[in-house]
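Since the structure comes first, as structure tokens, the remarks are kept for the end.
Shown next as structure tokens:
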């Protein structure tokens with residue numbers, strides 16, 4: 009069991025964790041660092057889990073010692089086709105089914121997402137990071153499967 013101290017946490021370190029577990033992992037840089045302006049780079053990890061959905065992982069620059077994880081369950085277009093009651097019932101049901109590991113967010117600008125915050129104040133086990141992302145991948149897969157079931161039921165009724 010390897011522990012990562014808070015001072016050693018980086019995207020590169022997490023990248024190596026996921027790769028060592030056999031996941032396809034890529035560091036995606038959305039904005040390069042600009043030392044003249046005092047800005048660090050803006051980047052995230054894109055982690056593919058073979059059996060389920062990809063997870064986006066990043067270090068939260070607005071919260072001390074926090075890893076953020078996100079799975080996109082459905083895009084905005086799909087979400088916007090759902091009625092308000094249907095959307096809220098779906099979110100409540102999925103949150104219960106995944107036992108509140110993460111939070112299903114029906115109002116994210118990306119669509120319907122599953123979100124999770126993992127603190128690492130003094131340090132964290134490498135395996136904790138991996139297992140949390142793996143659970144997020146499965147939870148997102150479950151939620152997407154549930155949406156597909158709702159779509160089939162809606163088509164049967166129409």
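Numbering (the working numbering), first residue to last: 9 to 166.
Just so you know, even glycine gets a beta-carbon here, dropped at the ideal spot from N, CA and C.
- With a contact defined as Cβ atoms closer than 8 angstroms, residue 133 and residue 11 qualify at about 6 angstroms.
- With contacts defined by Cβ atoms closer than 9 angstroms, residue 148 and residue 95 do not form a contacting pair.
- Contact check for residue 145 against residue 57 passes: the beta carbons are separated by less than 9 angstroms.
- Taking the Cβ atoms as the reference, residue 84 lies roughly 19 angstroms from residue 110, outside the contact range of under 8 angstroms.
- Between the C-alpha atoms of residue 117 and residue 15 there is a straight-line separation of about 32 angstroms.
- Rounded to the nearest angstrom, the gap between the Cα atoms of residue 36 and residue 53 is 6 angstroms.
- At a cut-off of 3 residues, the continuous stretches assigned as beta strand (DSSP E) that sit fully inside the region 65-102 are 74-83.
- Around the Cβ of residue 100, a 10 Å sphere holds fewer than 16 other Cβ atoms; the residue is exposed.
- Secondary structure of residue 128 (DSSP, three-state): coil.
- Looking at the backbone, the Cα of residue 40 and that of residue 51 are separated by about 8 angstroms.
- Taking a contact as a CB-CB distance under 8 angstroms, the pair residue 140 and residue 90 does not count as one, their CB atoms being some 28 angstroms apart.
- In the DSSP assignment, residue 35 falls within the unbroken beta strand (DSSP E) covering 32-39.
- The alpha-carbon separation between residue 45 and residue 67 amounts to approximately 20 angstroms.
- Note on residue 71: under 16 other CB atoms within 10 angstroms of its CB, so exposed under the neighbour-count rule.
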